[in-house]
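The listed protein sequences correspond, in order, to chains A and B. Numbering (my numbering) for the first sequence: 1 to 110. Numbering (my numbering) for the second sequence: 1001 to 1118. Just below is one structure, and these are the notes that go with it.
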Amino acid sequence: QSALTQPASVSGSPGQSITISCTGTSSDIGGYNYVSWYQQHPGKAPKLMIYDVTNRPSGVPDRFSGSKSGNTASLTISGLQAEDEADYYCTSYTSSTSWVFGGGTKLTVL
Amino acid sequence: EVQLLESGGGLVQPGGSLRLSCAASGFTFSSYAMSWVRQAPGKGLEWVSTITGGGGATYYADSVKGRFTVSRDNSKNRLHLQMNSLRAEDTAVYYCEGSSNWYYFKYWGQGTLVTVSS
């Protein structure tokens, strides 16, 4: 199972919005509404930010939102804050009863 | 409060074996699918294995299939990962994860480092 494709880095200024894309295939992202997103700060464990494409767990700010079109999922962060600077990973359930992660995107808040 | 605490990591020679454990608390362990996810130094996340709540079904990434075995003891709220025939590319921080819905990874431990080197 090949990794999902994410941009290596994105950046934005405080208050701005950014979008991170995550591209897969019809066997993963395109075939299921089981895309999730994780935030990871250096030296820390990942944190679930979005699940089932669009849902936010309790406690995650509504500045974080998810969407999907075809084989590509997206994470949008609006009103960027300094604490949003982190690595972000997407993942999808696959037709092989497995899970595949994206390569990760480093978000820099300028 | 959900807590997941991994143990058992360390330095092992190529071809060797290691058994990781994860002690769970704060939730009904037997109702949760449990997984192992790893992260090589400076690299991204990689799904390794998942086991259903009752332990009746297990799933593995192709990269570890036939070498790693996941198991759980619901009477002790513990998850295990037996790793055999270890390779240098298995060097990573191994995270224990639990979720009531196995389509995403909700609760994570802090990870345990496995280093495979001679």
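Note that CB positions come from ideal geometry on N, CA and C, so glycine has one too. These figures come from a predicted structure and were not determined experimentally.
Please classify residue i as buried or exposed, where buried requires at least 16 neighbouring CB atoms within 10 angstroms.
i: leucine 110 (chain A); result: exposed
i: serine 1100 (chain B); result: exposed
i: aspartate 84 (chain A); result: buried
i: aspartate 1090 (chain B); result: buried
i: lysine 68 (chain A); result: buried
i: serine 92 (chain A); result: buried
i: isoleucine 97 (chain A); result: One detail in the question is off: residue 97 (chain A) reads as threonine in this sequence, not isoleucine. The residue in question, threonine 97 (chain A), is exposed, as its Cβ has fewer than 16 Cβ neighbours within 10 Å.
i: serine 1017 (chain B); result: exposed
i: glutamate 1006 (chain B); result: buried
i: glycine 43 (chain A); result: exposed
i: glycine 1109 (chain B); result: buried
i: glutamine 39 (chain A); result: buried
If you reduce the DSSP assignment to three classes, tell me which class residue i lands in.
i: alanine 1088 (chain B); result: helix
i: glutamate 85 (chain A); result: coil
i: serine 1031 (chain B); result: helix
i: glycine 1009 (chain B); result: coil
i: proline 103 (chain A); result: What sits at residue 103 (chain A) in the sequence shown is glycine, not proline. In the structure shown, glycine 103 (chain A) sits in coil (DSSP, three-state: anything other than H, G, I, E or B).
i: valine 1064 (chain B); result: coil
i: serine 1049 (chain B); result: strand
i: tyrosine 93 (chain A); result: strand
i: valine 1070 (chain B); result: strand
i: tryptophan 1036 (chain B); result: strand
Which partner residues of residue i appear in the DSSP bridge assignment?
i: tryptophan 1108 (chain B); result: B:Glu1097
i: glycine 12 (chain A); result: A:Val109
i: leucine 80 (chain A); result: None; leucine 80 (chain A) has no bridge partner.
i: tyrosine 1059 (chain B); result: B:Thr1050
i: lysine 68 (chain A); result: A:Ala73
i: valine 1002 (chain B); result: None; valine 1002 (chain B) has no bridge partner.
i: glutamine 6 (chain A); result: BP columns for glutamine 6 (chain A) are empty, so no partner.
Am I right that residue i and residue j are in contact with their C-beta atoms under 8 Å? What's the rounded C-beta distance?
i: valine 35 (chain A); j: alanine 73 (chain A); result: 4 Å
i: glycine 1055 (chain B); j: asparagine 1074 (chain B); result: 7 Å
i: arginine 1067 (chain B); j: methionine 1083 (chain B); result: 7 Å
i: leucine 80 (chain A); j: serine 13 (chain A); result: 7 Å
i: threonine 105 (chain A); j: glutamine 6 (chain A); result: 5 Å
Exercise for the section: Quick one: which unbroken alpha helix (DSSP H) runs of 4-plus residues sit fully inside the segment 23–62 of chain A? Chain order, please. Expected result: For the segment 23–62 of chain A, not a single whole alpha helix (DSSP H) run of length 4 or above is found.
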